[in-house]
Amino acid sequence: MPVTINPEKDALVIIDPQVCFMPGGVLAVPQGNEIFSVINPLTHRFRVVAASADWHPPNHVSFKERGGPWLPHCVQMREDANFTPELDQSNLSMVVRKGYNPEKEQYTAFDEVSRFGDMLKARGISRIFVGGVATDYCVHDSVIGALKEGLDVYVLLDAIKGINVHPGDIEHALEDMREHGAKLITSKDIVEK
Ligand code: VGL
Ligand code: ZN
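So for the sequence shown, the working numbering puts the first residue at 1122; every next one is plus one.
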């Protein structure tokens, strides 16, 4: 299904392209680094390019020592919260942080504090094309969050990777995004005007 980019209203949104989620990182997403051969060229085809960052305080409720499911990861100001050097940041125009409330697990980049949806709309954006990690956590929840804010959402299947803590998680996440109204495409479907 070819989709024509309109730079006035389309944004590329890259979910959590951070060191902690890349191979060698504490919450490595298998093959997570392979998305950048798709994402980096795409960053030069959009006027608005946004990236989210998982940005946890050291005592975050999602960490094992507080009963959560995850090893400490993406701790504010630490090396592994940085964007991976594999991401081409040269055309990055917005960064949005999430997960900073120590008491709240949050996988979506769209919330009342970040007001990411409003920031995009203020720049004229009504459609977003989403890549990043992890398909079954922050990509899924951010896509659902964006749809709830009335944005049109295209998920780029060749620009996302998931974890599959339980077999089938990635498949379910894709199906759920589709059922909520996201369109699942690949970068090859994107054409210039
Ligand atoms: C994520 C697990 C914990 C993600 C963030 O970015 O998908 N996953 N925190
Ligand atoms: Zn996290």
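Where a beta carbon is used, it is the ideal one built from N, C-alpha and C, also for glycine.
Identity of the residues DSSP links to residue i by a beta bridge
| i | result |
| --- | --- |
| T1125 | V1312 |
| F1184 | W1191 |
| M1215 | A1171 |
| H1177 | V1196 |
| G1252 | I1135 |
| F1204 | Q1139 |
| I1284 | According to DSSP, which records beta bridges pairwise, I1284 is partnered with nothing at all. |
Alpha-carbon spacing of residue i relative to residue j, whole angstroms
| i | j | result |
| --- | --- | --- |
| I1265 | E1292 | 15 Å |
| M1298 | D1273 | 12 Å |
| P1193 | L1148 | 9 Å |
| S1211 | R1166 | 12 Å |
| D1232 | I1311 | 28 Å |
| Q1139 | K1314 | 32 Å |
| G1253 | F1237 | 16 Å |
| R1187 | S1173 | 24 Å |
| V1159 | T1307 | 10 Å |
| V1124 | K1242 | 20 Å |
| I1246 | E1129 | 7 Å |
| L1163 | V1182 | 35 Å |
| F1184 | V1216 | 24 Å |
| G1146 | K1219 | 19 Å |
| V1270 | E1207 | This sequence places Glu at residue 1270; Val is not what is there. So the alpha carbons of these two residues sit roughly 30 Å apart. |
| V1196 | N1127 | 36 Å |
| E1121 | A1280 | Because the chain here runs from 1122 to 1314, residue 1121 falls outside it and cannot be looked at. |
Distance cut-off 7 Å: residue i Cβ against heavy atoms of the ligand VGL
| i | result |
| --- | --- |
| V1276 | no |
| V1140 | no |
| V1286 | no |
| A1280 | no |
| D1137 | yes |
| V1251 | no |
| V1254 | yes |
| L1148 | yes |
Residue i and residue j closer than 8 Å at C-beta
| i | j | result |
| --- | --- | --- |
| S1235 | V1251 | no |
| W1191 | Y1221 | no |
| R1244 | Y1275 | no |
| N1316 | D1209 | Residue 1316 cannot be examined here, being either before or after the span of the chain that is shown, 1122 to 1314. |
| A1230 | C1141 | no |
| I1284 | A1255 | yes |
Could you name the residues whose beta carbon sits closer than 7 Å to any heavy atom belonging to the ligand ZN, keeping them in chain order? The answer, residue by residue, is D1175, H1177, S1183, W1191, H1194, C1195, G1220.
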